[in-house]
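Asks: Residue numbers (my numbering): 23 to 735.
Cβ coordinates follow ideal geometry from the N, Cα and C atoms, glycine included.
Predicted, not measured: the structure shown is a model, and the values here were computed from it.
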């Protein structure tokens, strides 16, 4: 709950937006930048300095005629947010009748896709040097037909229907027959060649999901397959055109649909078509004896609605605003608007630079206990010191099958305790100065057996190595395991690398918990840990000792969360104080050396519980809430919530009675949003961090009427 800071950020964004709007709509004194009349131009009268470019800001487009009229211009940098025409000049108009489905299915039947006159398809390979055949292409006459050869699904789906849900983009796939018209113009050795040629063609288009019925629909597209050819032509024994992503010729695109008065649609669709043209010349024709295969990429487009391009200040994006006028013309304006404080698309962090003078920081994360991975799911604007969530630091998942005892007995079988954070485990004492050996530990392969470290006989019963009791009054448990140590030398031992397994046993004590509930959070203690090897090529002795009972305090904590599958997700750690004793083996890397090093590291498994860090204003505390989702993930959110020992006690006499009414009413009526005044935090009866005329008033009245002179706890 950050409403007050949100107001500040909104005010900042409004101020910046107002400055940008004024700059866009009001020419600077002495530097007017005005529309140049018909067409897509602006008149730069006297733009100077860094903003010496005169760019269109708002443009009116007539989808029936394809004409443009610039409404306003602005002086700005060459790369600033502005309106521009589509990438193909004189793109064909495309107005499609409404067919009752609330959208347009591609390709739009009454329209045509064209290449730019200045960037046609080409035949190059197989021709003499410096000679090409320029192929200005028009795709038209789209028709739904039976058994369209190129389609990946049977057509028609229904009579006259050649589209269906699905496709590579997860929305819709559609198929059509069409005509590809080439206006062919030769260059170089074929400078005199001119030909108008038609090729029957088939194509399949895939589209991303959109919301039918919405007046404006923007979605990604992909030209999935294109194929057509002719044979026996006077000039070509074979002329084949192939394209589309499924044929290894990536052809992504996008589409915009705008509903017009009367229900028709103004359609804009563009593909970056990667194509291949194969040809074999006809004997006796101009290309006799020649053949080749040319690959290239061109834009093909239908519709000509203006687009927004260019950049904005950090934290803002170039946004498109469309207004459909009663006569069917469309006004397109381009403006910089503040980006929302939200997670990045990959969920790795919050979008930076979106909160003005504040910071866009994580509020909620979602952790998958099976993979150990976390994603940011909600963000909000706040200060660096403000309450925020911190995701678990690494992926070391720990999920334990439900054994019917209503809990998990430590250590969790099948899981691994690994070091997290700094410092590393080290061997220092007995080695030359500046030459510690770093030890990366992993404790794994826990089994119930008669371990040497146990303070009680194990197993208690077959397969059971836990019993009531221990220093924390809950449960004690004992296990054998393997301590895998990756040794890496530094200083004079730089380059030394070794992986050693040490058999180890340990005893863990746990505080009481409530069985068959979820979550369960309880204190733990590594009571004893001991293991050693002898007779190693590098060590006559390498011993690891830890645990509170050996004078090496090792407290910890564990949280258990039962998943929808009834398995348990485990988050457990110990701040392990250890001692490493070593005696080097003669002839080994540490011959003649011995020592005993003590240190403390954190070892953990699972790490499903995100933490809350930071402060809150007076009268608030940084509160963590955890939610188990139906898909088994865990959502953790951190919020500033009111901190009140007796909700409803506004005058501080430890009672909720009539003397609190006036103060309560004043707090509620004067509350304008955001953080609650510290003097009014106890008016937040439901503890949600805001004052409302509904819940808080009802609960306050209920307290007064049902428990007069209510004594506070």
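Considering residue 722, what are the terminal residues of the alpha helix (DSSP H) in which it resides?
Replies: Against the chain shown, residue 722 aligns to sequence position 700. Residue 722 -> alpha helix (DSSP H) spans 717 to 728.
Asks: Does the contact criterion of 3 or more C-beta pairs under 8 Å hold for the stretch 259 to 278 versus the stretch 95 to 105?
Replies: No, the stretch 259 to 278 is not in contact with the stretch 95 to 105.
Asks: Considering only their Cβ atoms, is the gap separating residue 437 from residue 628 smaller than 8 Å?
Replies: Taking the chain shown and counting its residues from 1, the one referred to as residue 628 is at position 606. Taking the chain shown and counting its residues from 1, the one referred to as residue 437 is at position 415. For residue 628 and residue 437, yes; Cβs fall inside 8 Å.
Asks: Could you check where the alpha helix (DSSP H) with residue 770 kicks off and where it finishes?
Replies: As displayed, the chain neither begins before 23 nor continues past 735, which places residue 770 out of reach and without an answer.
Asks: Between the stretch 301 to 318 and the stretch 118 to 131, can you find at least three pairs of beta-carbon atoms closer than 8 Å?
Replies: At 8 Å Cβ cutoff, the stretches do not touch.
Asks: Give me the Cα-Cα distance between residue 451 and residue 517, rounded to the nearest whole angstrom.
Replies: Position 429 of the chain shown holds residue 451. Position 495 of the chain shown holds residue 517. One C-alpha to the other measures close to 19 Å.
Asks: Looking only at its chain, what residues have a beta carbon closer than 7 Å to the beta carbon of residue 255, apart from the 5 residues adjacent to it on each side?
Replies: Start at 1 with the first residue of the chain shown, and residue 255 comes out as number 233. Closer than 7 Å at the Cβ level, and outside the excluded window around residue 255, lie 261 and 304.
Asks: With the cut-off set at 8 Å, would you say residue 419 and residue 398 are in Cβ contact?
Replies: In the chain shown, the residue the question calls residue 419 occupies position 397. In the chain shown, the residue the question calls residue 398 occupies position 376. It is not a contact, given that the beta carbons lie outside the stated cut-off.
Asks: Among 190, 339, 321 and 586, which has the Cα closest to the Cα of residue 109?
Replies: The count along the chain shown starts at 1 and reaches residue 109 at position 87. It is 321 whose Cα lies nearest to the Cα of residue 109.
Asks: Could you tell me the boundaries of the beta strand (DSSP E) in which residue 440 lies?
Replies: Position 418 of the chain shown, counted from the first residue, corresponds to residue 440. Here the beta strand (DSSP E) through residue 440 covers 439 to 442.
Asks: When you compare only the Cα positions, how much space is there between residue 52 and residue 279?
Replies: Locating residue 52 in the chain shown gives position 30, where the first residue counts as 1. Locating residue 279 in the chain shown gives position 257, where the first residue counts as 1. With a pLDDT of 43 at residue 52, under the threshold of 50, the modelled position of this residue cannot be trusted; read the value that follows with caution. Taking the straight line joining both Cα atoms gives about 40 Å.
Asks: Examine the Cβ distances between the stretch 150 to 159 and the stretch 207 to 218 and report whether three or more of them are shorter than 8 Å.
Replies: Because the criterion of three Cβ pairs below 8 Å is met, the stretch 150 to 159 and the stretch 207 to 218 touch.
Asks: Measuring only the C-alpha atoms, how far is residue 191 from residue 248?
Replies: One-based indexing of the chain shown puts residue 191 at position 169. One-based indexing of the chain shown puts residue 248 at position 226. Answer to the nearest angstrom: the Cα atoms are 17 Å apart.
Asks: Grab the span of the beta strand (DSSP E) containing residue 363 for me, first residue to last.
Replies: Locating residue 363 in the chain shown gives position 341, counting from the first residue. Looking at the DSSP string, residue 363 is not in any beta strand (DSSP E), and its letter there is neither H nor E.
Asks: Find out if the Cβ-Cβ distance for the pair residue 553, residue 505 is shorter than 8 Å.
Replies: For the purposes of this step, residue 553 is taken as residue 531 along the chain shown, with counting starting at 1. For the purposes of this step, residue 505 is taken as residue 483 along the chain shown, with counting starting at 1. Yes, the Cβ-Cβ distance between residue 553 and residue 505 is below 8 Å.
Asks: When DSSP builds the beta bridges, which residues end up paired with residue 700?
Replies: Position 678 of the chain shown holds residue 700. Its beta-bridge partners do not exist; DSSP assigns none.
Asks: Between 723, 106, 62 and 270, which lies nearest to residue 331 when the distance is taken from Cα to Cα?
Replies: The residue given as residue 331 occupies position 309 in the chain shown. Nearest C-alpha to residue 331: 106.
Asks: Based on Cα-Cα distance, which residue from 521, 620, 650 and 665 lies nearest to residue 640?
Replies: By 1-based counting over the chain shown, the position of residue 640 is 618. For the residues 521, 620, 650 and 665, the minimum Cα distance to residue 640 belongs to 665.
Asks: What does a CB cutoff of less than 7 Å around residue 351 pick up in its chain, not counting 5 residues either side in sequence?
Replies: Mapped onto the chain shown, residue 351 falls at position 329. Around residue 351: 82, 83 and 84.
Asks: For a quick check, are the C-beta atoms of residue 691 and residue 673 less than 8 Å apart?
Replies: For the purposes of this step, residue 691 is taken as the residue at position 669 of the chain shown. For the purposes of this step, residue 673 is taken as the residue at position 651 of the chain shown. Cβ distance not < 8 Å, so residue 691 and residue 673 don't count as in contact.
Asks: Hey, is the stretch 513 to 531 in contact with the stretch 550 to 570, meaning 3+ C-beta pairs nearer than 8 Å?
Replies: Verdict: yes, contact present.
Asks: Using a Cβ-Cβ cutoff of less than 6 Å, which residues in the same chain neighbour residue 290 once the five nearest sequence positions on both sides are dropped?
Replies: Along the chain shown, one-based indexing puts residue 290 at 268. The residues are 278, 325 and 327.
Asks: According to the neighbour-count rule (16 or more other Cβ atoms, all chains shown, within 10 Å of its Cβ), is residue 464 buried or exposed?
Replies: By 1-based counting over the chain shown, the position of residue 464 is 442. Buried, since its Cβ has 16 or more Cβ neighbours within 10 Å.
Asks: Measuring only the C-alpha atoms, how far is residue 341 from residue 354?
Replies: If you number the chain shown from 1, residue 341 lands on position 319. If you number the chain shown from 1, residue 354 lands on position 332. If I take the Cα positions, the gap works out to 10 Å.
Asks: Just the C-alpha distance for residue 145 and residue 160, rounded to the nearest angstrom, thanks.
Replies: Taking the first residue of the chain shown as position 1, residue 145 is located at position 123. Taking the first residue of the chain shown as position 1, residue 160 is located at position 138. C-alpha separation (whole angstroms): 16 Å.
Asks: Could you tell me whether the Cβ of residue 296 comes closer than 8 Å to any Cβ of chain C?
Replies: Of the chains in the structure shown, none is chain C; there is only one protein chain.
Asks: Does the beta-carbon distance from residue 766 to residue 162 come in below 8 Å?
Replies: With the chain represented from 23 up to 735, any question about residue 766 goes unanswered, as that position is not in the structure.
Asks: What span of residues does the beta strand (DSSP E) with residue 197 cover, start to end?
Replies: The count along the chain shown starts at 1 and reaches residue 197 at position 175. Counting along the chain, the beta strand (DSSP E) containing residue 197 begins and ends at 193 to 208.
Asks: How far does the beta strand (DSSP E) with residue 128 in it extend, from its first residue to its last?
Replies: The residue you call residue 128 lines up with position 106 of the chain shown. Per DSSP, residue 128 belongs to no beta strand (DSSP E) and is neither H nor E.
Asks: Given this structure, state the Cα-to-Cα distance separating residue 613 from residue 555, to the nearest angstrom.
Replies: Here residue 613 is taken as the residue at index 591 of the chain shown, counted from 1. Here residue 555 is taken as the residue at index 533 of the chain shown, counted from 1. Distance between the alpha carbons of residue 613 and residue 555 is about 16 Å.
Asks: Short of 8 Å in beta carbon distance, which residues of its chain neighbour residue 651, apart from the five on each side in sequence? Order them along the chain.
Replies: What you label residue 651 is simply residue 629 of the chain shown in a count that begins at 1. Excluding positions up to five away in sequence, the list reads 388 and 657.
Asks: Which whole runs of the beta strand (DSSP E) in the stretch 449 to 517 are 3 residues long or more, in chain order?
Replies: Those beta strand (DSSP E) runs which fall completely within the stretch 449 to 517 and span 3+ residues are 459 to 469, 488 to 490 and 497 to 511.
Asks: Is residue 65 closer than 8 Å to residue 78 when the C-beta atoms are compared?
Replies: Here residue 78 refers to the residue found at position 56 of the chain shown. Here residue 65 refers to the residue found at position 43 of the chain shown. No; because the gap between Cβ atoms is not below 8 Å, this pair is not in contact.
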